[in-house]
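Student: There's a structure below that I have some questions on.
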C-alpha cells in the first residue's frame, strides 16, 4: 500500500492504495464519489471521464498513484455550492440530453473539456469529439443538441424541437 | 383526457423538464454499484472458457486458502436449490409442451456456453476474490459444440442437454389451422416474392453493467437483494418461490436507479440468486459487479433469427398470403421469457399494417452452445417488422411498382381490425402517418438530393417502411392461455398526505424513461394541483404494491392506468368529504384546478382543506367513510395497444469502400395520446440509435467452436455519436387507444423496431441506383459486406 494525495473538486483527499488501484476506484470506493461511473473494461465507454489537471481523462485508465498531487475535477464538483447547475448541466436538462443517467457524468465532463478548447464547436466536431463516450439511451441527438446550446448556439432549428 | 396541447406548461401534454435529471447531472444518483453494505464481501465467478464440456475435476482447496477468501462455492452447493425458472411455456404445433431444460445457478457437471458460471469465490475484497479464482484447479473435457441452429437440428448433432430428446425446444405453427389455406393461396398467387434473411444477434449493452448485492439479517431472517432490475417484484417472486425457497415477506428486492435495461434487466439471473444465497450462508452481505466483458457472456442476448419469408400477391398487387419459416436461437438455456419472444411477441405481429388475409408462421426454437437469448428492445416485433418490410420492398422492386404505393394499397384502413394472427388492432391511421412521413422526410426532394450525392461521387438511397407493435403487455387471462406463468397487470398506490401532497407507489420501474416526471403530470391534470406536489416511488418491493415492472412500453399504458384508477378512487372519496364540508350532495361536487365546488353556487373548498379533513376528521362523515386518503388499484388491460408509424432513411454509400452514412432519418409515429412530448421524442431517438446500430454496426459473433469473438466494446461495434444524424421525429398523428383511460399506446420500442428495415431498404436502393443487381444484404451492413455485394 502506498499513500496517495490529490485535490478533488478543491478538497484535499488522500488514501492508501495498491499499485494496481485505478483512479476511478480511488474516487468511487475510497472517497465515496460515486458520480463517476464504470461502464466497461476497455477504456471505450467514457462513463468515467474526469478532469486531471484540466484535461479530460478516463479514470479507469489511470492509476490512482499517477494522480499524486494532481487537481482532479469530477461531476460532483460541477454545480455551484448551492446546487445550481452549470451551463452544460443545465443544457442537458433543458434539452433532455440524458435518460438513464449512467453515461451522463462522463458526457458532461467530456463536453466541458471540449468547450474549453473549442467554445463554439460544430455538430460534426461535437460528434467526433464524443467518439469516446457511449450512450445507449438517447441516440445522441439531444446530447449533441445540448452541447451546442451550452456553447451559446441557436438550436431552435434542429429537428424535433 | 385532453390530447397533446401546444405549449402547455404542465399536466398531460406538457414538455415538463425531468426532475430526476438533477441527481443524475450532479453525480448523486443511487445506482446499485453505489450501494455498499457494512462488512460486505465480494464475489468473483469462475466462468467456462469453452462452449461445451464436461467438468472432470474441480478442486477449490488452494483457492479457499488464499488471502481474504471466505468460501468457494460450486454447483454442489446448489444441488438442493431450484434452478432458474422459465416464465413462459410454449405449446408446439402438435399440442406438446416445449422442452425445458434445467438451468442451474452454478454448473452441475457440464458447461454449455462460454461464460457459464462454474464456481464462485467470495472474499473480503474484489481483488482477493479475483486472485483466488485463478487458483481453482479445473479440468473440462471438451465436447463438440453446436453454434449454427440448422446444424444443431441435424440427427447426429451433439446435444446441448443430454436429458432432452434433441436440440429442438419447440416447433411452433401459427395459425396452424391456416396452414393449408395459406399453401393454397400461394398456389393461386399471381406473384410470389421470397427472401431469406438473418436478424443478427445483438447484445443490449445498457451502459450500466449488472450488479447484485445480497444481504441477510439473521435477527429477522430477512434477505435483501439490491439489483439492477426492470421488475423487482418479478425477481422477488421468481427467486424467492422457485430458486431459493424464501417467502416474499422475508425477501425484499430493491432496484434503485438503474442505468438502462432495454430488456436485458427483465430476467432473473444466476448472479442475483447467488448473492442472496451466499449472504445467508455466510451471514454477510455479498456484492457482485459485472465487468463489461462478463456482461457480454452473461447478459441475455437478443434477436438471432434466421428466416425465410414468402409474400403472395394477386394480379392487382394485393397481398393475398404470407408464410414464414424461422429458426430462433434460444442459446444454451431458457432465459426467463425467451420462449415467448419468437412466438407470441413475433407471430402475432406478422400482419403488420396490412390486410393480408392469410398468414402462417412457423418457428423452430433451437438450443445451441451460446449465451441464452431473450427479449431485447422490441422483442420479436423488430424481427417480424424487419422480414415483412424487407419482403414488401423486394416485391415492389420485382413488380416495378413504387414501394410506398404498394404499402398504401395494402394498408388496413378500418378499425377495429381483427388480423389473421389472433390480435385485434383497436385504432390506427396508417395513411395519416405515411402522409406525415412523406412531408417531414421531404420524399419529393429525394431525387434532387440523389443528384447532388452522385455529383459528389456517392450513391444515395431512400428506404421507407411501416411498423406496428403490440405494447402494454397484457391481458392476464389471454397471456395465461398462451403459456405465460405470470399475470401482467400493474399496480399503484396513491397516498395523499394531510397537507395535500401525494406519493404514488408504482409497480412500474423507471430506468431512463422519466416516470418521476411524467407520472405526476397525469395526476396534476386529474386533480389540478402542481406537478411538484406529486412524488413517485418505485423499485422497492418493501414499499410498493406487487407490480410486474417495465418492458414492452407498458409503464404508462398499464402502470399509468393503474395510477389513474387509484386516483379516480381518491377523487371519488375526496368528493364525499368535500360534499360533507359544503353540506351538499357528492353527486353535485366538481373538482377543477384543485378546488371542489358546487355548480351554480359560490360554495367551494380547496384540495388541501379536504385532504386535511381526511386526516383530522373533526368535521367528517365518519359513519359513511373511513378517515384517510389512500387508495390502491390493480389494472389488467383489456387488450394490447398498437402504436404504429412510418419511417424513412436516406443513406449515402461510398462506392469505393462500401461505407454507409445515414444522411437523413425521419420517423412519423402514432403513439395515441402523449403525456410528455419531450420524453417521447427522446424515446424515439434512442430506439433509432439502437436500430441503426443493428442495421450498420452491431453483431454478436461466435466462431464454429462457440468462442465468443465479440466480447468487448473493442470488438462489438456500438453506435457512437458520429454514426448517426439528427433525427426528424413527429408524433402528431394520434389515434388514442380505446381501452385504457389515458388513450396512450407506448413509444419505447418504436425506433428500434422501425429503423432497421428502413436502413437496409435504403442501402439496397442506393446500390440498385448504380445498376447493381442487389436484392438483399444481411445486417450489419458493414463496409465489407456492402462492398462485396457491389462486386457480385
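Residue numbers (full-length UniProt numbering), protein chains in the order written: chain C, 1 to 161; chain L, 1 to 792.
No residue lacks a Cβ here, since even glycine has one placed at the ideal position from N, Cα and C.
Using DSSP with H/G/I as helix, E/B as strand and the rest coil, what is residue 102 (chain C)?
Tutor: Taking the first chain and counting its residues from 1, the one referred to as residue 102 (chain C) is at position 102. Coil.
Student: How about the stretch 287 to 297 of chain L and the stretch 270 to 277 of chain L: do they share at least three Cβ pairs that are nearer than 8 Å?
Tutor: Output reads yes: the stretch 270 to 277 of chain L touches the stretch 287 to 297 of chain L.
Student: How many Å lie between residue 156 (chain C) and residue 668 (chain L) at the Cα?
Tutor: For this step, residue 156 (chain C) is matched to residue 156 along the first chain. For this step, residue 668 (chain L) is matched to residue 668 along the second chain. Near 20 Å, if we compare the C-alpha coordinates of residue 668 (chain L) and residue 156 (chain C).
Student: Rounded to the nearest angstrom, what separates residue 5 (chain L) and residue 526 (chain L) at their Cα positions?
Tutor: Stepping through the second chain from its first residue, residue 5 (chain L) is reached at position 5. Stepping through the second chain from its first residue, residue 526 (chain L) is reached at position 526. Because residue 5 (chain L) sits at a pLDDT of 47, beneath the cut-off of 50, its placement in the model cannot be relied upon, and the following sentence gives the value as read from the coordinates. If I take the Cα positions, the gap works out to 15 Å.
Student: To which residues of the same chain is residue 238 (chain L) closer than 6 Å at the C-beta, ignoring the five residues directly before and after it?
Tutor: Along the second chain, read from residue 1 onward, the residue named residue 238 (chain L) stands at position 238. So the list reads 85 and 268, once near-sequence residues are dropped.
Student: Would you mind working out which of C:132, C:74, C:105 and C:45 sits nearest residue 26 (chain C), comparing C-alpha positions?
Tutor: In the first chain, the residue the question calls residue 26 (chain C) occupies position 26. For the residues C:132, C:74, C:105 and C:45, the minimum Cα distance to residue 26 (chain C) belongs to C:74.
Student: With H, G and I counted as helix, E and B as strand and the rest as coil, what does DSSP make of residue 186 (chain L)?
Tutor: On the second chain, position 186 is the one that residue 186 (chain L) refers to. If DSSP states are grouped into helix, strand and coil, residue 186 (chain L) belongs with the helices.
Student: Excluding the five sequence neighbours on either side, which residues of its own chain have a C-beta within less than 6 Å of the C-beta of residue 20 (chain L), listed in chain order?
Tutor: Numbered from its first residue, the second chain carries residue 20 (chain L) at position 20. Same-chain partners within the cutoff: 516.
Student: Sorted by chain position, which residues of the same chain lie with C-beta nearer than 7 Å to residue 579 (chain L)'s C-beta, five sequence neighbours on each side aside?
Tutor: Reading the second chain from its first residue, position 579 is the one you call residue 579 (chain L). Cβ within range, chain order: 585, 586 and 589.
Student: Checking contacts by CB at 8 Å: is residue 82 (chain C) closer than that to chain L?
Tutor: Position 82 of the first chain, counting from 1, holds the residue named residue 82 (chain C). Residue 82 (chain C) does not count as touching chain L.
Student: Starting from residue 522 (chain L) and walking both ways along the alpha helix (DSSP H), at which residues does that stretch end?
Tutor: Translated into positions along the second chain, residue 522 (chain L) becomes position 522. Run containing residue 522 (chain L): 515 to 523, per the alpha helix (DSSP H) assignment.
Student: Do you know whose CA, among L:308, L:428, L:316 and L:315, lies nearest residue 793 (chain L)'s CA?
Tutor: Here chain L has residues from 1 to 792 only, and residue 793 (chain L) is not among them.
Student: Please confirm whether residue 228 (chain L) has its beta-carbon closer than 8 Å to some beta-carbon of chain C.
Tutor: Taking the first residue of the second chain as 1, we reach residue 228 (chain L) at position 228. Closer than 8 Å: no.
Student: Would you kindly check if the distance between the Cβ of residue 102 (chain L) and the Cβ of residue 83 (chain L) is under 8 Å?
Tutor: Counted from its first residue, the second chain places residue 83 (chain L) at position 83. Counted from its first residue, the second chain places residue 102 (chain L) at position 102. Cβ atoms of residue 83 (chain L) and residue 102 (chain L): closer than 8 Å.
Student: Does the beta carbon of residue 298 (chain L) come closer than 8 Å to any beta carbon on chain C?
Tutor: One-based indexing of the second chain puts residue 298 (chain L) at position 298. Residue 298 (chain L) does not count as touching chain C.
Student: Do you know offhand how far residue 97 (chain L)'s Cα is from residue 91 (chain L)'s?
Tutor: Mapped onto the second chain, residue 97 (chain L) falls at position 97. Mapped onto the second chain, residue 91 (chain L) falls at position 91. About 4 Å.
Student: What whole-angstrom Cβ distance do residue 378 (chain L) and residue 759 (chain L) have, given they're in contact under 8 Å?
Tutor: Residue numbering aside, residue 378 (chain L) sits at position 378 when the second chain is read from its first letter. Residue numbering aside, residue 759 (chain L) sits at position 759 when the second chain is read from its first letter. Not a contact, Cβ separation roughly 15 Å.
Student: What did DSSP end up calling residue 90 (chain L) once you bin it into helix, strand or coil?
Tutor: Taking the second chain and counting its residues from 1, one reaches residue 90 (chain L) at position 90. DSSP places residue 90 (chain L) in coil when its eight states are reduced to three.
Student: Any idea if residue 92 (chain C) is buried or exposed, counting beta-carbon neighbours within 10 angstroms, 16 or more meaning buried?
Tutor: Your numbering for residue 92 (chain C) matches position 92 in the first chain. Burial call: buried.
Student: Mark residue 795 (chain L) as exposed unless 16 or more other C-beta atoms lie within 10 angstroms of its C-beta, in which case mark it buried.
Tutor: Outside the shown range of chain L (1 to 792) lies residue 795 (chain L), about which nothing can therefore be said.
Student: DSSP has residue 325 (chain L) in a bridge; who is on the other side?
Tutor: The residue given as residue 325 (chain L) occupies position 325 in the second chain. Partner(s): L:308 and L:362.
Student: Excluding five sequence neighbours on each side, which residues of the same chain lie with their C-beta closer than 7 Å to the C-beta of residue 28 (chain C)?
Tutor: Taking the first chain and counting its residues from 1, one reaches residue 28 (chain C) at position 28. Only 34 and 36 meet the Cβ criterion.
Student: Buried or exposed, going by whether 16 or more other CB atoms sit within 10 Å of the CB of residue 797 (chain L)?
Tutor: Since the first residue of chain L shown is 1 and the last is 792, residue 797 (chain L) is not available in this structure.
Student: Quick one: does residue 31 (chain L) have its CB under 8 Å from some CB of chain C?
Tutor: Translated into the one-based positions of the second chain, residue 31 (chain L) becomes position 31. True, the Cβ-Cβ gap to chain C drops below 8 Å.
Student: Quick one, which residues of the stretch 204 to 221 of chain L are near chain C if we go by CB-CB under 9 Å, in chain order?
Tutor: Listed by position along the chain: 204, 205, 206, 207, 208 and 209.
Student: Enumerate in chain order the residues of its own chain whose CB-to-CB distance from residue 341 (chain L) is below 7 Å, with the five nearest sequence positions on each side excluded.
Tutor: Within the second chain, numbered from 1, the residue matching residue 341 (chain L) stands at position 341. The answer, listed in chain order, is 374, 375, 379 and 380.
Student: Measure from the alpha carbon of residue 62 (chain C) to the alpha carbon of each residue in C:120, C:101 and C:41, then state which is nearest.
Tutor: For the purposes of this step, residue 62 (chain C) is identified with residue 62 of the first chain, where counting begins at 1. Comparing Cα-Cα distances from residue 62 (chain C) to each of C:120, C:101 and C:41, the minimum goes to C:41.
Student: Would you tell me roughly how many angstroms separate the C-alpha atoms of residue 780 (chain L) and residue 218 (chain L), rounded to the nearest one?
Tutor: In the second chain, the residue the question calls residue 780 (chain L) occupies position 780. In the second chain, the residue the question calls residue 218 (chain L) occupies position 218. Cα-Cα distance, rounded: 52 Å.
Student: Report buried or exposed for residue 3 (chain L), applying the criterion of at least 16 other Cβ atoms within 10 angstroms of its Cβ.
Tutor: The residue you call residue 3 (chain L) lines up with position 3 of the second chain. Residue placement at residue 3 (chain L) cannot be trusted, given a pLDDT of 43 that sits under 50; what the coordinates show is reported in the next sentence. Under this definition residue 3 (chain L) is an exposed residue.
Student: Are the C-beta of residue 61 (chain C) and some C-beta of chain L separated by less than 8 Å?
Tutor: Stepping through the first chain from its first residue, residue 61 (chain C) is reached at position 61. It does not; no Cβ of chain L falls within 8 Å.
Student: Would residue 779 (chain L) pass as an interface residue toward chain C - the criterion being a Cβ-Cβ separation below 8 Å?
Tutor: Here residue 779 (chain L) refers to the residue found at position 779 when the second chain is read from its first residue. Not one chain C Cβ lies under 8 Å of residue 779 (chain L).
Student: Quick check on residue 530 (chain L): buried or exposed, where buried means 16 or more other Cβ atoms within 10 Å of its Cβ?
Tutor: Counting from 1 along the second chain, the entry for residue 530 (chain L) is found at position 530. Exposed is the call here.
Student: Just the Cα atoms here: how many angstroms apart are residue 49 (chain L) and residue 418 (chain L)?
Tutor: Position 49 of the second chain, counted from the first residue, corresponds to residue 49 (chain L). Position 418 of the second chain, counted from the first residue, corresponds to residue 418 (chain L). Cα-Cα distance, rounded: 49 Å.
Student: How is the alpha helix (DSSP H) around residue 227 (chain L) delimited, first residue to last?
Tutor: Counting from one through the second chain, the residue named residue 227 (chain L) turns up at place 227. That residue, residue 227 (chain L), is in no alpha helix (DSSP H); its beta strand (DSSP E) goes 222 to 227.
Student: Measuring only between beta-carbons, confirm whether residue 141 (chain C) sits less than 8 Å from chain L.
Tutor: Translated into positions along the first chain, residue 141 (chain C) becomes position 141. It does; some Cβ of chain L falls within 8 Å.
Student: When the Cα of residue 757 (chain L) is compared with those of L:201, L:122 and L:387, which residue comes out closest?
Tutor: The residue given as residue 757 (chain L) occupies position 757 in the second chain. With distances taken between Cα atoms, residue 757 (chain L) lies closest to L:387.
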